[in-house]
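If you use mature numbering (1 follows the signal peptide of the UniProt record, and there is no 0), the sequence shown corresponds to residues -32 to -1, 1 to 468, in order. Notes follow the structure.
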Amino acid sequence: MPIGPFRSTLTRVLAAAAVLLPALVATSPATAYFPAACPADGPISQHFHSGHNGVDIAANYGTPIYAVGDGEVTISGTEPGYGQWIRIRHPDGTMSEYGHMSRRDVLAGDHVAAGQQIALVGSEGQSSGPHLHLRIWGDSSASYGVDPVPFLAERGVILPCIPGTTPQPAPLVYPAESGRVVSARSADGRLEVFAAGADGVHHAWQSEVNGAWSAWESLGGPAGAELAIGPNKDGRLELFAINGNVFQHRYQLSTSGNWSGWENFGGGGKDIAVGANKDGRLEVFASGPVGVFHKYQVAPNSGWSEWESTGGGPANSRLEMEKAPDGRLEVFALNGDVFQHLFQTAVNGGWSQWEAFGGGGHDLTVDHNRDGRLEVFASGPVGVFHKYQTNPTSWSDWEPTGGPANSQLTSESSADGRVEVFAINGSVAQHLWQTGVNAPYGQWASFGTGGTEITAATNADGRIEVFGTSSAGVYHKWQTGFSSWSDWAWLSNTAGPPIN
């Protein structure tokens, strides 16, 4: 995997602007978030970033636009960039702006309620097509807005949304991929990445949201380990590391803060996976020579149970977890001979028996479609196959996709909800993606030369970032746009641990 150019000019701009992002919610901690409403029906066509102060919601001409919250209309007029636009000041001091409308239904000085129609979608001003540009200001003195997606999510609305529906619950926390290299976002939006080398675990992190990376630091811990990472309910990340002799973990001491030292978590094993129950309790699964065991927090952010048998499961299997739309966790286990899965029988509850899921293979990845249906990919000697839910309780047959034989796999959802799959073996790296939301897949495309491990994570601005390893170290590659990618590069000009 060759070293490519370092971060592009676009990314450096993102990093410089990211210092503004800690103002995501500038309201007083004592102020309750107001219940929000859906602003318009349509997909997000452009996300918030340093060059785009808001989100664009694509919609047809004349689609109704609704106030995201109660408040007073302070501006209702025209402006060269926006065309027709509206600004509403909300009781907590935040402000929402709506641009490019074809019609305005409110005037300055009007008081509006959350969900009240205020305008119709248009394409006036600097616009290439009909859409709503939604901008959120944390306070009147801010020089740049805040990302509307987490702002509305904290207030019960998950974009994209359907107007008129009741406030939605907080989004589900989906498990991160496990492996020799893992990545997850801290609560403040910065990605962190861990890689397990022969001398222990190494760690690097974004110094700013969506921005540049630190140099690698050595953490010690289990050598040559399999890793898993998950967020506690209070947002603190927790890292788990297992090899054939020992199982250890470490955790952030405060939200987005420094980390504890290594602590014992059990005996050795083959592989691990971790996921958060809907109530926020982490649950860890570990495979070994006699099957799969699990251990779980007895309360959110709290202590742990003893290890318990799951009643079997494939010996020395590769493990991954995913979450159903209702919040129930599901575990998938694959070794060279057999593929099985088990699932929670109730939210935050007990587990089913292991069930057959297919024949053996090399590696697996699991993701969820935009509509919540789970989709599983597994590699083997003739390439990559996939299997997907046809409804919440039934699955398709296995279908071939092509792809690299006996490859390491990872997957991630793009900003619009399409699943993208990445595969690497000793000779080649490739990826494929859904041609539409909840849709079939295209053809595999080149993604680089060969390596040993791969994982993917999503930046706070929605861009996917992929980490690949080789005997030379750890590389990364990131989206520079909706469908364009950087070259492979070191993190902060440092190689990180070799991973064979």
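We treat Cβ as the ideally placed atom computed from N, Cα and C, and that holds for glycine.
**Message:** So, for Gly418: in the same chain, excluding its five sequence neighbours on each side, which residues have a beta-carbon less than 8 Å away from its beta-carbon?
**Reply:** For the purposes of this step, residue 418 is taken as residue 450 along the sequence shown, with counting starting at 1. Hits under 8 Å: Met(-32), Ile392, Asn393, Gly394, Ser395, Val396, Ala397 and Ser438.
**Prompt:** Three-state secondary structure (DSSP) at Phe233?
**Reply:** Working through the sequence shown from its first residue, we reach residue 233 at position 265. Three-state result, Phe233: strand.
**Request:** With distances taken Cα to Cα, identify the nearest neighbour of Gln94 among His20, Ala76 and Asp78.
**Result:** On the sequence shown, position 126 is the one that residue 94 refers to. Comparing Cα positions, the closest option is His20.
**Message:** Below 8 Å, how does it come out for the segment 248 to 267 and the segment 198 to 205: are there three or more Cβ pairs, yes or no?
**Reply:** yes
**Message:** So for Leu75, helix, strand or coil by DSSP?
**Reply:** Position 107 of the sequence shown, counted from the first residue, corresponds to residue 75. The answer is coil: DSSP assigns Leu75 none of H, G, I, E or B.
**Asked** Do you know offhand how far Gly189's Cα is from Gln216's?
**Response** Numbered from 1 along the sequence shown, position 221 holds the residue referred to as residue 189. Numbered from 1 along the sequence shown, position 248 holds the residue referred to as residue 216. The straight-line gap from Cα to Cα measures roughly 7 Å.
**Prompt:** Using the rule of at least 16 other Cβ atoms within 10 Å of the residue's Cβ for burial, across every protein chain shown, is Ala267 buried or exposed?
**Reply:** As a first step, residue 267 must be located in the sequence shown, where it is residue number 299. Ala267 is exposed by the Cβ-count criterion.
**Request:** Drop a sphere of 10 angstroms on the beta-carbon of Val350, count the other beta-carbons inside from all chains shown, and report buried for 16 or more, exposed for fewer.
**Result:** The residue labelled residue 350 in the question sits at position 382 within the sequence shown. Exposed, since its Cβ has fewer than 16 Cβ neighbours within 10 Å.
**Request:** Evaluate Tyr34 with the Cβ neighbour count: other Cβ atoms within 10 Å of its Cβ, from every protein chain shown; 16 or more gives buried, anything less gives exposed.
**Result:** Here residue 34 is taken as the residue at index 66 of the sequence shown, counted from 1. Tyr34 comes out buried.
**Message:** When you compare the CB positions of Thr423 and Val74, do they come within less than 8 Å of one another, or not?
**Reply:** As a first step, residue 423 must be located in the sequence shown, where it is residue number 455. As a first step, residue 74 must be located in the sequence shown, where it is residue number 106. It is not a contact, given that the beta carbons lie outside the stated cut-off.
**Message:** Can you tell me whether Asp115 is buried or exposed? The criterion is at least 16 other CB atoms within 10 Å of its CB, across all chains shown.
**Reply:** Counting from 1 along the sequence shown, the entry for residue 115 is found at position 147. With 16 or more Cβ atoms within 10 Å of its Cβ, Asp115 is classed as buried.
**Asked** Looking at the unbroken beta strand (DSSP E) that takes in Val177, where does it start and where does it end?
**Response** Within the sequence shown, residue 177 is the residue found at index 209, counting from 1. Run containing Val177: none; DSSP gives neither H nor E here.
**Start-end ranges of the beta strand (DSSP E) lying completely within the segment 56 to 141, minimum 3 residues** = 63 to 72, 85 to 89 and 99 to 105
**Prompt:** DSSP three-state call for His399: helix, strand or coil?
**Reply:** The residue given as residue 399 occupies position 431 in the sequence shown. Strand, per DSSP.
**Message:** What does the Cβ neighbour count give for Pro408, buried or exposed, with the cut at 16 atoms within 10 Å?
**Reply:** Sequence index remark: in the sequence shown, residue 408 carries index 440 (1-based). Result: exposed.
**Message:** So if DSSP puts Tyr50 in a beta bridge, which residue, or which two residues, is it bridged to?
**Reply:** Looking up residue 50 in the sequence shown gives position 82. BP columns for Tyr50 are empty, so no partner.
**Item:** Bridge-paired residues (DSSP) for Asp239
**Value:** By one-based count along the sequence shown, residue 239 stands at place 271. Ser255, per the DSSP bridge assignment.
**Prompt:** Beta carbon of Ser111, beta carbon of Met63: below 8 Å?
**Reply:** The residue given as residue 111 occupies position 143 in the sequence shown. The residue given as residue 63 occupies position 95 in the sequence shown. For Ser111 and Met63, no; Cβs fall outside 8 Å.
**Item:** Cutoff 6 Å; reference Gly203; Cβ partners in own chain excluding five residues on either side
**Value:** Residue 203 sits at position 235 when you count from the first residue of the sequence shown. These residues qualify, in order along the chain: Ala155 and Thr223.
**Prompt:** Helix, strand or coil for Ala(-7) per DSSP?
**Reply:** Locating residue -7 in the sequence shown gives position 26, where the first residue counts as 1. Residue confidence is low: Ala(-7) scores 30 on pLDDT, short of 50, so the model does not pin down where it sits. Its coordinate-derived value is still stated next. Coil, per DSSP.
**Item:** Terminal residues of the beta strand (DSSP E) in which Tyr219 lies
**Value:** As a working mapping, residue 219 is identified with position 251 in the sequence shown. Per DSSP, Tyr219 belongs to the beta strand (DSSP E) from Val214 to Tyr219.
**Per DSSP, cross-strand counterpart(s) of Trp319** = Counted from its first residue, the sequence shown places residue 319 at position 351. Trp319 is bridged to Gln312.
**Prompt:** By how many angstroms is the C-alpha of Ser146 removed from the C-alpha of Ala(-15)?
**Reply:** The residue given as residue -15 occupies position 18 in the sequence shown. The residue given as residue 146 occupies position 178 in the sequence shown. Confidence is the limiting factor: at Ala(-15) the pLDDT is only 31, short of 50, which leaves the residue's position unreliable and the question unanswerable from this model.
**Prompt:** In this structure, what does DSSP give as the bridge partners for Thr369?
**Reply:** Here residue 369 refers to the residue found at position 401 when the sequence shown is read from its first residue. Answer is none; Thr369 lacks a bridge partner.
**Prompt:** So, is Thr457 buried or exposed, given that buried needs 16 or more other C-beta atoms within 10 angstroms?
**Reply:** Here residue 457 is taken as the residue at index 489 of the sequence shown, counted from 1. According to the sequence displayed, residue 457 carries Ala and not Thr. With 16 or more Cβ atoms within 10 Å of its Cβ, Ala457 is classed as buried.
**Asked** Would a C-beta distance cut-off of 8 Å place Phe390 and Val434 closer than the cut-off?
**Response** Within the sequence shown, residue 390 is the residue found at index 422, counting from 1. Within the sequence shown, residue 434 is the residue found at index 466, counting from 1. It is a contact, given that the beta carbons lie within the stated cut-off.
**Asked** For Ala172 versus Ser182, is the C-beta spacing smaller than 8 Å?
**Response** For this step, residue 172 is matched to residue 204 along the sequence shown. For this step, residue 182 is matched to residue 214 along the sequence shown. Their beta carbons are under 8 Å apart, which means Ala172 touches Ser182 by this criterion.
**Prompt:** Around the Cβ of Asn427, are there at least 16 other Cβ atoms within 10 angstroms (buried) or fewer (exposed)?
**Reply:** The count along the sequence shown starts at 1 and reaches residue 427 at position 459. By the neighbour-count rule (16 or more Cβ atoms within 10 Å), Asn427 is buried.
**Prompt:** Is it true that the CB of Lys291 sits closer than 8 Å to the CB of Leu102?
**Reply:** Taking the sequence shown and counting its residues from 1, one reaches residue 102 at position 134. Taking the sequence shown and counting its residues from 1, one reaches residue 291 at position 323. No.
**Prompt:** For Pro199, does the three-state DSSP call read helix, strand or coil?
**Reply:** Position 231 of the sequence shown, counting from 1, holds the residue named residue 199. Three-state result, Pro199: strand.
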